[in-house]
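Undergrad: Take this structure, written in structure tokens, and hold onto it; I'll ask about it next.
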Amino acid sequence: MPAIHKFSKTGNNKRNAENDGDFPMKRWLKNKRIKEDIQHKEWEQSFIKSKDFKKIFYYNQKTNVRFGLTFMATLVDENIIQEGILPNLLDEEFREIEDIKQLVPIADVQICDDPSLIEQKIMNGYVMLTIETELKHFGFIAAQKEIVRAISQPEVEFSVIGPKEAFVESLGQNLNLIRKRLPVKELIIEEFTLGSLSKTGVAMLYMENITNEDNVNTVRQRLTNVKFDAITDSSYIVQLISDNSNSPFPQLLDTERPDRVAGILAEGKVAIVVDGSPHVLITPTTLVEFFSSFEDYFLNYLLSSFFRLIRVFAVAFSILITPIYVAALSYHYELIPKDLMSTLITSRREIPLPPILEALFLELTIELLREAGARLPTKVGQTIGIVGGIVIGTASVEAGLTSNVLLIIVALAALASFTTPVYRMGNTIRLLRFPFLFFAELWGLLGIVFCFCLLLTHLVRLTSLGRPFLEPLYPPRVVDMKDALIRLPFEKQSKRPLFLRTKNPIRFSKKKAQEKKDIDE
Amino acid sequence: MKRLVLLLVAILLTGCVEKEIIDDINIEVAVGYDKSEDGKGYRGTVLFQQFQPDQSVENVTFTGGGKLRQDLLLEVTKQSSEPVVTGGLKLAIFGPELVKEGIYDLVDSFQRDPSIGARLFLATSEGKSGDLLKGEYGSRGNSKYIYNLINHNIEKRDIPKTNLHLAARDFYQKGKDLFLPRLKQTGQDKVEIVGISLFQEDKEVDILPVEKMFFFKLLVDKYSEGNFDVKTSEDARAAIQSIRSKHQIKVLNRRAKINIEIYGIIREYTGKVLTPEIIKEVEKKLEDQVERESVKLLKRFQELGIDPVGFGQMTKQQHRNFDFKKWEDEYKQLTFDVKCDVVIGETGVIE
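In order, the protein sequence lines correspond to chains R and L.
So in full-length UniProt numbering, the last spot in the first sequence is 521, and the numbers never skip.
So in full-length UniProt numbering, the last spot in the second sequence is 351, and the numbers never skip.
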């Protein structure tokens, strides 16, 4: 028996395999055999056009039974076939299809009689086994080729302290990363196949004894209702199952940290893992969660509360500072402190543009730099960022196109918008600045207030999986404030978030937790 | 779609707000009013700041005349290269002749202009206010210079708290009269405070000299950081610093009881040794002086028929059946009983 089987077009192999037999008796027997399994069937018509479709026949050494292996060469692992399947099927006593369960040392072996499953199984990387004696039954042996990127450090949500594992593009690997952190039977993984073409595996994770059933049912229903042909990333799912797809705000949190997913599952939220995506979705979520980095939980609560407040300030600053500059300079000179007046006036005197055009010019420059930086390889991107920032900024001030005060303001605002730990929210903030600028130009501070009211109305109406997006700020839930804009120490976090309506709201007994014993006792 | 149309209509059809881009306007920072030469109306001087590229400030003044404040603005607009706006006004100075005739109309116009802040300082001047504004004081502009001059004297020295808001309150309130700080140009680049102008209604009737300002502030305001010298003997003087004071006034049966509490620290003493006895003596001396001078001041106000301390207003607060018609006579017969309590808390580091 040759150690290496060459996979080539159907037929060539058949001949090779048949020539194995040296006995005339055998050859005679062969001619008597029915050829039904060798003939092309109707479902194969599309398959045979593909180069990687293989259908190969072998004879068992002991019983001389002919069996065929059908598979896609690009989807299966050759080593599994060569070392796990073929040696056993060729050399051991193999008579009927039931035998493969004993003969093949692979866990996922199925036998069925439903021809409609064939396409799906083959496309999922199974090897189909047919045997001449039992043409009505098919055996499926899992032999998927798993090309998995090594687990690397999180890049978007990097943290100095804490675990350095990030999700990869494989569903199985990602589920393993999560289950490792929550090794309890209550962690339920439900799997769906979404996308009429992509057949993407999507897993929904929740804790059976904690998560509110309504949340689970909503996610399940939304996932089963997804109608799209090719789902290539979890971002598709975000947009397809969001409550309001017209909102610039992301209503599902995505993370690349398995520890964060484990943390939110324990809180009673639902996680959605999509095959082929290194980002796992978390739902339901709230606005404040987008400003909390998972690193906050690794730091002392005083520090993390301070950092969270800084982030909230940075976001407000980033959205509002340029519009306020435009409003104050165009309409409200009374509000400018007298000491600042000379700085502003002298820096603006030579500038031919009104404040709004000046601000738009700089904001667009920054946006261009960001877009250019994002599209270029890392090293070039950094250079573009630095060169663009310094050279364009300084040059435009020297050329008298913008005032240096505004340059500082816009640079600071751009810097502040990078402090949001979730990249998706950072993009939203980039966009929000422009309507504010427009209204500031139109009506001054009144316009900013008006635009803020519009924003607030939108946020109040927004829901994530039917749960209010602005919670605990609105509706006000004082209990949930413990882990919102600030974070209280873990001893105070004995209850799960109220808005999730969990089955078991108690995380741990508060009384027992606070007994800290001294060594003397 | 319907919503979008409505939004567009709302945005596009609403009226335009007047745009005032800061480098395209001339911001009025101070104004001085004097009586015009022909005796009709007034002559106004408006001060603008011109910021130089090296961050220094050039003072630019325009003058105009008229009967209303509006006239002045119109005249100045004719001379100015950019539209004149009033939102930066920090200082309004009234010349000596005008003050005697009444300043109500002008103060009133400040109040009606929404872009003028309530923290505008009103002041009177000795000599023409126009000349005062045309000087060159400091490098940060005349308006800022005079504003800071008045401001730090209010915070740390002897001028009682005053601004447009308080002046208007004093003016409109029955039973209290207006007072404003009085400035004098002592040189082309110097200006100083020379007292407090006391008003009856909106006309200046008296000027309080600088020496009396300490006692006046004790009566109408509170000190948070004051200074005063006490003469204990022929060659010994004690300088009291960091004075904190408060006062309490009660009017009962035509007797006004005024309690003044003063807390201070002796920082300088020109005598030989500062013994506890001397400190006691300093306290006593100061108490006597405050009581004596205060009564003197109050008597003087009574003779002039003005009430800058606000006895009328205080009596009104403390009595249910108060009648202003009777009060005018009652005020003339009011007797004053000033009690002063001085505490010297520290005498310096070395004993």
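Using N, Cα and C, we set each Cβ at its ideal position, and we do this for glycine too.
1) Three or more C-beta pairs closer than 8 angstroms, one from the region 121–129 of chain L and one from the region 177–185 of chain L: is that the case here?
2) Is G117/L close to chain R? Criterion is C-beta to C-beta, closer than 8 angstroms.
3) Note the first and the last residue of the continuous alpha helix (DSSP H) segment covering R220/R.
4) Is G141/L helix, strand or coil by DSSP?
5) Less than 8 angstroms between the C-beta atoms of Y236/R and F228/R, yes or no?
6) Pick out whichever of I345/R, V168/R and S159/R has its Cα sitting closest to the Cα of D54/L.
7) Look at the Cβ atom of F140/R, then the Cβ atom of Q110/R, and state whether they are nearer than 8 angstroms.
8) Classify T74/R: buried if its beta carbon has 16 or more other beta carbons within 10 angstroms, exposed otherwise.
9) Whose Cβ in chain R lies nearer than 7 angstroms to the Cβ of F51/L?
10) Indicate whether at least one CB of chain L lies closer than 8 angstroms to the CB of K338/R.
11) Comparing C-alpha positions only, which one of T61/L, K40/L and D307/L sits nearest to I27/L?
12) So is S245/R in contact with chain L if we call contact Cβ pairs under 8 angstroms?
13) Could you tell me the distance, in whole angstroms, from the CA atom of T402/R to the CA atom of R348/R?
14) Judging by CA-CA distance, which residue of I207/L, Y223/L and L149/L is the nearest neighbour of F214/L?
15) Which of the three DSSP states is assigned to Q82/R in this structure?
16) When the Cα atoms are used, what is the spatial distance from residue 364/L to L368/R?
17) Are the C-beta of S46/R and some C-beta of chain L separated by less than 8 angstroms?
18) Can you name the residues of chain L whose CB is closer than 9 angstroms to the CB of P505/R?
19) By how many angstroms is the C-alpha of L462/R removed from the C-alpha of L455/R?
20) When you compare only the Cα positions, how much space is there between E234/L and V343/L?
21) Note down, in chain order, each residue of its chain lying with its Cβ closer than 7 angstroms to the Cβ of L488/R, except the 5 sequence neighbours on either side.
22) State the Cα-Cα distance for the pair D113/R and I178/R, rounded to the nearest angstrom.
23) Leaving out the 5 sequence neighbours to the left and right, which residues in its chain are closer than 6 angstroms to T335/L when beta-carbon positions are compared?
24) The alpha helix (DSSP H) that contains F439/R, what's its start and end?
25) Please state the DSSP three-state secondary structure of A238/L.
26) With burial defined as no fewer than 16 other Cβ atoms inside 10 Å of the residue's Cβ, what is the status of Y331/R: buried or exposed?
27) Suppose the cutoff is 7 angstroms on Cβ atoms and the five residues either side in sequence are ignored; what does the same chain contact list for A118/L look like?
28) Assign F279/R to one of two classes, buried (16 or more other C-beta atoms within 10 Å of its C-beta) or exposed (fewer than that).
29) Give the straight-line distance between the Cα atoms of I93/L and M341/R, rounded to the nearest whole angstrom.
30) Taking Cβ-Cβ distances shorter than 7 angstroms, what residues in chain R pair up with D23/L?
31) Could you tell me which residues DSSP puts in a beta bridge with C112/R?
32) Taking the DSSP output, what are the residues bridged to D34/L?
33) Pull up the distance between the alpha-carbon of E283/L and that of D206/L, whole angstroms please.
34) According to a CB-to-CB cut-off of less than 9 angstroms, which residues of the region 185–199 of chain R neighbour chain L?
35) Going by the DSSP bridge assignment, what does V273/R pair with across the sheet?
36) Where T378/R and V397/R are concerned, what is the direct C-alpha to C-alpha distance, given to the nearest angstrom?
TA: On the basis of the coordinates in this document:
1) With the rule of 3 Cβ pairs closer than 8 angstroms, the region 121–129 of chain L counts as touching the region 177–185 of chain L.
2) For G117/L, the answer is yes, since a Cβ of chain R falls inside 8 angstroms of its Cβ.
3) For R220/R, the uninterrupted alpha helix (DSSP H) segment begins and ends at E213 to T224.
4) DSSP places G141/L outside both helix and strand once states are collapsed to three, so it counts as coil.
5) The answer is yes: Cβ separation under 8 angstroms.
6) Checked all of I345/R, V168/R and S159/R; the closest Cα to D54/L is I345/R.
7) Note that the C-beta distance between F140/R and Q110/R is below 8 angstroms.
8) Of the other Cβ atoms in all chains shown, fewer than 16 fall within 10 Å of the Cβ of T74/R; this residue is therefore exposed.
9) Ordered by position in chain R, the residues that pass the 7 angstroms Cβ test against F51/L are S342, I345 and T346.
10) Taking 8 angstroms as the threshold, the shortest C-beta distance from K338/R to chain L falls below it.
11) Closest option to I27/L, Cα to Cα, is T61/L.
12) No, S245/R does not count as interfacial toward chain L.
13) About 8 angstroms.
14) Closest by alpha carbon: Y223/L.
15) In this structure, Q82/R counts as helix in the three-state DSSP scheme.
16) The requested residue 364/L does not occur in the structure, where chain L is confined to residues 1 to 351.
17) Chain L contact via Cβ: absent.
18) What P505/R touches in chain L: nothing, since even the nearest Cβ is about 40 angstroms away.
19) Looking at the two C-alpha atoms, the distance is approximately 11 angstroms.
20) When only Cα atoms are considered, E234/L and V343/L end up about 23 angstroms apart.
21) Within the same chain, L488/R has close Cβ partners Y301 and K482.
22) Going from the Cα of D113/R to the Cα of I178/R covers about 36 angstroms.
23) Only residues of its own chain outside the window of five on either side were considered, and among them R255 have a CB closer than 6 angstroms to the CB of T335/L, listed in chain order.
24) For F439/R, the uninterrupted alpha helix (DSSP H) segment begins and ends at Y423 to W443.
25) DSSP places A238/L in the strand class (E or B) of the three-state scheme.
26) Label assigned to Y331/R: buried.
27) Correct list, in chain order: N163, L164 and H165.
28) For clarity, residue 279/R is His in the given sequence; the question names Phe instead. H279/R should be labelled buried.
29) When rounded, the separation of the alpha-carbon atoms in I93/L and M341/R is 23 angstroms.
30) Residues of chain R passing the Cβ test: I345, R348 and R349.
31) The bridge partners DSSP lists for C112/R are F138/R.
32) Per DSSP, R43/L.
33) Answer to the nearest angstrom: the Cα atoms are 31 angstroms apart.
34) Hits within the stretch: zero.
35) DSSP, once it has assigned bridges, lists A203/R as partnering V273/R.
36) Their Cα atoms are separated by approximately 28 angstroms.
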